[in-house]
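Q: One structure is given below, represented as structure tokens, and several questions about it will come after.
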Amino acid sequence: MDESVFVHSHGLCESEDVGPRTRVWAFAHVMKGARIGADCNVGGHAFVEAGAVVGDRVTIKNAVQIWDKVVVEDDVFLGPNMIFTNDMNPRAAFKKDPSGFLPTTVRQGASIGANATIVCGTVIGRNAFVGAGAVVVRSVRDHAIVVGSPAREIGWMCACGGRLDDALACPDCDRRYALADEGLRLLEG
Ligand SMILES: CC(C)(COP(=O)(O)OP(=O)(O)OC[C@H]1O[C@@H](n2cnc3c(N)ncnc32)[C@H](O)[C@@H]1OP(=O)(O)O)[C@@H](O)C(=O)NCCC(=O)NCCS
Ligand SMILES: [Zn+2]
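Everything in the sequence shown is counted per this note's numbering, starting at 1456 for the first residue and increasing by one.
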């Protein structure tokens, strides 16, 4: 593992696949086999399971658990206590082969608010925003803001975090967008 990786004296990092400058804080646990990129922050009490894949510059706030079959792309923000799932209908007495678990992907730049729940088999689109406490049961489009249970779209968010106006322009920066198949796409220039 790169010597710039920081693991707190009370953190447990069993994986050797952790990128430069990533920090693993007290009481966080990264299992052997888990992949975490560069410049990530793994907050206290977070848990990253063996089959999880995390990109670069990802913020994993305290107590977030990232299970097998979850892929988190670059520049994603995972708010405190948000939770993933990977088994749609678990039963303690009827063990399921892990191949029956469903994948979840969080695309580049997305944010997930505190205490949100992501039901498995979904994709959180690029730069999408999941509000605090939302329960996501279907995929979220690029740049969409979703809130509530079940989570529903209430608007669009810029890559910078500003809420877009009706013309799909950001009041906080120069970016403008247009509707596309998967949600919004950035207009160049
Ligand atoms: C989703 C979010 C970005 C919306 O912020 P906003 O654009 O300022 O939206 P508003 O506060 O104007 O709310 C718009 C509407 O959505 C509702 N709403 C906003 N956030 C909501 C949420 N998390 N759950 C349910 N409803 C929500 C509001 O009640 C309001 O409804 P109304 O029009 O019926 O009154 C914000 O509320 C949020 O949840 N941020 C996440 C914070 C967080 O978890 N941070 C983690 C790191 S500390
Ligand atoms: Zn913006």
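We put the CB at the ideal spot given by N, CA and C, even for glycine.
T1577 to N1544, Cα distance in whole Å?
A: 15 Å
Q: Where does S1604 fall in DSSP's three states?
A: coil
Q: Say yes only if the C-beta of F1556 is nearer than 7 Å to one or more non-hydrogen atoms of ligand 1, and no if none qualify.
A: no
Q: Would you list the one or two residues that DSSP bridges to L1467?
A: H1484
Q: In terms of residue numbering, what span does the beta strand (DSSP E) encompassing L1634 cover?
A: 1631 to 1635
Q: Identify, in the order they occur along the chain, each residue of the same chain with its Cβ nearer than 6 Å to the Cβ of A1624, setting aside the five sequence neighbours on each side.
A: Excluding residues within five positions, the ones whose Cβ falls inside 6 Å are R1631.
Q: Quick one: what's D1597 bridged to in DSSP?
A: G1638
Q: Shorter than 7 Å, the distance from the beta carbon of F1584 to the closest heavy atom of ligand 1, or not?
A: Relative to the non-hydrogen atoms of ligand 1, the Cβ of F1584 comes within a distance shorter than 7 Å of at least one.
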